[in-house]
Amino acid sequence: MNERAPIVFVVDDDPSVRRSIKRLIGSVGLQVELFGSAQEFLLSKRPDAPSCLVLDIRLPGISGLDFQRKLTEADIQLPIVFITGHGDIPMTVRAMKAGAVEFLTKPFRDQDLLDAIHTALERDLARRQQQAEIATLRTRLNSLTRRERQVLPLVISGLLNKQIAAEIGISETTVKVHRGQLMRKMGADSLPELARMAERMEIPATKLNFRRE
Amino acid sequence: MISGNAALTGSYDLPQVALSVLIAISASYAALDLAGRVTATRGRAQLTWLIGGSAAMGIGIWAMHYIGMLAFRLPVPAEYDWPTVLLSLLVGILCSAFALVVVSRRRMGLTYALIGSAMMGCGIAALHYIAMAAMRLPAECRFDFRLVALSVVLAVGFSFASLWLAFYFRDEPQNSAWRKLGSALVMGVATSAMHYTGMAAATFIPAAPALDQSHAVSISSLGTLGIAAATLQVLGLAVLSSLVDRRFDAQGLELALTETRLELAHVARIATMGELTASIAHEINQPLTAVVNNGNFALRQVASGAPNLEELREAIAEIVNDGTRASAVISRIRALLQKGAPDRVELDINEVIQEVTILVRHEATLSGISVRLDLAADLPRILGDRVQLQQVLINLVINGIEAMRTLTDRPRELLVKSAKNADAVLIQVQDSGKGLYPEQVGRIFEPFFTTKPQGIGMGLSISRSIIESHGGRLWTVPGSSGALFQFTLPTDGNSVS
């Protein structure tokens, strides 16, 4: 996949701590952007690239944990590496439960920060890839005809063509044609693969009320 | 026994009798006063007071008796044997010393008082009769033993009363002067009563002088006045020096009070710093974090084999800056924790406000409070103690922060403002909390008054005394939204450049 260069956002109210972190992260060839407050970060225009957030948990105006929740609510899915002067256990637990990658106490070992950032970026990369794949699948899904779209859940629930034909009231031959088109358009080589794709797009398999009589 | 000769009829010179009573009262007053000094002092000073005091008192008692005797006029010339006179004076002084020792004891039981007064009474009676024995006149002296016994009983009784009064008045503060005077009056009159009873016990029968006349001297009326004047002077001096000594003691007390106040302010500062530990740790940890990061960066650069020298230089320069910054925070805290004598220097109050803000800003951040500064430019300099003024500001700011911690219905904001105000600078600390209740406004500066669950209630009281010691005023303004505390500091007219 053709991804852009990853970028690390750093939010800390202390300028000299900010600069030192930038230097450190920059030294391993990563791009860094600095912010003095949560507000500043929210107002910035962030490039569309794999990225992560290095966030001081004590920020003027808003606590890092509240900020984390706010980001989740706004559907900004950035892996967060928390840094703090004195983290207590409840705070750490809360942050980690809310999906933080790491919780580092200042002053931290440089390697710990860099490792955490790499983990965070990998996580973001994976997420982005997944999202990209789903986006591709959705495009393919959108290319299906109404009939093909109707057949899909029945196919992945393991019904035979004959059963599908009976269910939607068309001929078995027509079902076979739809099924072939569907597999081709979705780029699936086998029924299990199609089922996995459907699952990723959260399309449920339809269990039918077939045994009607 | 010579009989047939009629007894000599004597008469009393009333002014001299009055003088003797006056001296008795003065001596009693001095005794009460000196008893207090002997009790209050220790060691060498106590010994000095004891010796000086008993000399003054002894002379007083002795003079009273002689003037009382001289007031008794007989139709025959009376002379006095001076060695015997000196002996009676010595008895008087010893007797006084004994009395002072008794009353300056920590406790005085009834038995102790009885034994003391018996000895003292006998001493005074001895003085009286030795004095009478010093008389050289062409007459024989006979005593009515019932009256002699009565005079001894009176002497003992009077001693008991004196010891008791002296014991109870010795520690009384200055306002007891009237009571002391009253007791002195009672004691003086009692002493005189004893003396004149003793005189009445004696009957003089004309006879050839039987006693040794070689050391006899006659005393003129002028001599009497001299004795009286000298005695009153000695007693006056004793009381005066006791007064001066007391003043010095009071001064020492004031000094101790100032010392205690400083100590208290220091303890309060330490307590406040205790509340600020998170803030302080943060202020030191931030630069240290930067130092560690920059140090690691430098190590990585060097390890890479081809360091970017410009970047390396920048990182090292930052290490130096951050190290200096951490050290500045530490020295500021050290100054606040140290117990130093107040040091008045010319200073810019805005600078003090900014220094305090650095110490408390993290505390504010933890409580979700934004601190806003509105500092007037071109403020005149003030003369003050930097640490003490920081203490006042920290106190007011922390109070504001604590008042807003539970606030949910409006923004938590703390405003610190400085402004010029006639010949003073005005500093205001305003929070957006619930404010003070009217019943709190009147009491908020009282020691031990607190609205905080963990407060000891000394902060504002100490703050006020600090501001007042700077010639300023600290007060709260009711009616504003949130609590508003403000103080003034007089300026010396110079402007901050």
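Protein chains in written order, with numbering that gives the first Met the number 0: chain A, 0 to 212; chain B, 0 to 496. Every residue gets a Cβ at the ideal spot worked out from N, C-alpha and C, and that includes glycine. Quantities reported herein were computed from a predicted structural model and do not represent experimental measurements.
Can you give the Cα-Cα distance for residue i and residue j, rounded to whole angstroms?
i        : j        : result
Glu198/A : Ala115/A : 31 Å
Glu171/A : Asn160/A : 6 Å
Pro489/B : Gly35/A  : 39 Å
Val27/A  : Leu120/A : 13 Å
Ile92/B  : Ala55/B  : 8 Å
Ala187/A : Ala194/A : 9 Å
Pro152/A : Arg183/A : 16 Å
Leu358/B : Ala73/A  : 35 Å
Ala70/B  : Leu13/B  : 7 Å
Met0/A   : Ile329/B : Here the model assigns Met0/A a pLDDT of 48, short of 50, so the residue's position is not dependable, and the following value carries that caveat. If you take the alpha carbons of Met0/A and Ile329/B, they lie about 53 Å apart.
Gly115/B : Ser464/B : 50 Å
Pro5/A   : Ile393/B : 45 Å
Ala112/B : Ser217/B : 39 Å
Asp244/B : Gly251/B : 11 Å
Leu378/B : Ile426/B : 11 Å
Ala289/B : Val440/B : 45 Å
Ile167/A : Ala134/A : 29 Å
Lys175/A : Leu77/A  : 44 Å
Thr40/B  : Thr257/B : 22 Å
Glu412/B : Ala418/B : 19 Å
Leu140/A : Arg127/A : 19 Å
Gly472/B : Leu311/B : The displayed chain sequence assigns Arg, not Gly, to residue 472/B. Between Arg472/B and Leu311/B, the C-alpha separation is close to 53 Å.
Leu261/B : Gln337/B : 11 Å
Arg202/A : Glu401/B : One point to set straight first is that residue 202/A is Ile, not Arg, in the sequence displayed. Ile202/A and Glu401/B: Cα-Cα distance of roughly 54 Å.
Val238/B : Glu345/B : 47 Å
Gln15/B  : Leu46/B  : 34 Å
Arg135/B : Asp248/B : 49 Å
Going along chain B in order, which residues have a C-beta closer than 7 Å to the C-beta of residue i?
i        : result
Val16/A  : Gln285, Thr288 and Ala289
Pro59/A  : Thr364 and Ser369
Lys184/A : None at all; the shortest Cβ gap to chain B is about 52 Å.
Ile20/A  : Asn292
In this structure, does DSSP put residue i in helix, strand or coil?
i        : result
Pro191/A : helix
Ser25/B  : helix
Pro205/B : strand
Asp80/B  : strand
Ser2/B   : A caution first: Ser2/B carries a pLDDT of 46, below 50, which makes its placement in the model unreliable, though a value can still be read off. DSSP places Ser2/B in coil when its eight states are reduced to three.
Asp244/B : helix
Arg404/B : coil
Gly6/A   : The displayed chain sequence assigns Ile, not Gly, to residue 6/A. Strand.
Ile159/A : Checking the sequence, you will find Leu at residue 159/A rather than Ile. Three-state DSSP puts Leu159/A in coil, outside helix and strand.
Arg41/B  : coil
Met134/B : strand
Asp13/A  : coil
Gly492/B : Residue placement at Gly492/B is poorly supported in this model, since its pLDDT is 49, which falls under 50; the coordinates still yield a value, given next. Note: Gly492/B maps to strand in three-state DSSP.
Met0/A   : Low per-residue confidence applies at Met0/A: pLDDT is 48, beneath 50, and the placement is therefore not dependable, though the value from the model is reported in the following sentence. Note: Met0/A maps to coil in three-state DSSP.
Thr475/B : strand
Leu298/B : helix
Ile82/A  : strand
Over the uninterrupted alpha helix (DSSP H) stretch that includes residue i, give me the two end residues.
i        : result
Asp373/B : Asp373/B -> not in any alpha helix (DSSP H); beta strand (DSSP E) instead, spanning Ser369 to Leu374.
Glu201/A : Glu201/A -> no alpha helix (DSSP H), and no H or E assigned at all.
Ala37/A  : Ala37 to Leu42
Asp74/A  : Segment: none, Asp74/A is in no alpha helix (DSSP H) and carries neither H nor E.
Pro150/B : Looking at the sequence shown, residue 150/B is not Pro but Ser. Where Ser150/B is concerned, the enclosing alpha helix (DSSP H) stretches over Phe144 to Phe168.
Asp47/A  : No alpha helix (DSSP H) holds Asp47/A; DSSP gives it neither H nor E.
Tell me where the beta strand (DSSP E) around residue i begins and ends.
i        : result
Pro379/B : Pro379 to Gly383
Val31/A  : Gln30 to Phe34
Val344/B : Val344 to Leu346
Ala215/B : Ala215 to Ser217
Ser480/B : Here Ser480/B belongs to no beta strand (DSSP E), and DSSP marks it neither H nor E.
Nearest chain E C-beta to residue i closer than 8 Å, yes or no?
i        : result
Gln300/B : The displayed structure is made up of protein chains A and B, and chain E is not among them.
Kindly list, in the order they appear in chain A, the residues whose Cβ is closer than 9 Å to that of residue i.
i        : result
Gly317/B : At residue 317/B the sequence reads Glu, which differs from the Gly that was named. Residues of chain A passing the Cβ test: Ser15, Arg18, Ser19 and Arg22.
Ala277/B : Gly84 and His85
Residues of chain A with CB under 7 Å from residue i, in chain order?
i        : result
Asn498/B : Given a span of 0 to 496 for chain B in the structure shown, any question on residue 498/B remains unanswerable.
Ala314/B : Arg22
Asp321/B : Ser15
Ala327/B : Near Ala327/B there are no residues of chain A at all, since even the closest Cβ is about 13 Å away, more than 7 Å.
Under 8 Å between beta-carbons, which chain A residues line up against residue i? List them in chain order, please.
i        : result
Asn349/B : Correct list: empty, because the minimum Cβ distance to chain A is about 21 Å.
Ala305/B : Per Cβ cutoff of 8 Å: no residues; Ala305/B is ~12 Å from chain A at best.
Phe296/B : Ser19, Arg22, Leu23, Ser26 and Asp109
His281/B : Arg57, Gly84 and His85
Exercise for the section: Please specify which runs of the alpha helix (DSSP H), each continuous and at least 4 residues long, are wholly inside the segment 104-156 of chain A, giving them in chain order. Expected result: Within the segment 104-156 of chain A, the complete alpha helix (DSSP H) runs of at least 4 residues are 109-141 and 145-155.
Practice task
Mind listing, in chain order, the continuous alpha helix (DSSP H) runs of no fewer than 4 residues lying wholly within the segment 407-461 of chain B?
Solution key: Runs of the alpha helix (DSSP H) lying entirely within the segment 407-461 of chain B and spanning at least 4 residues, in chain order: 437-440.
Problem - 4 or more residues per run - each alpha helix (DSSP H) lying fully within the segment 65-126 of chain B - result: Taking only runs of at least 4 residues, the alpha helix (DSSP H) segments lying wholly in the segment 65-126 of chain B are 81-102.
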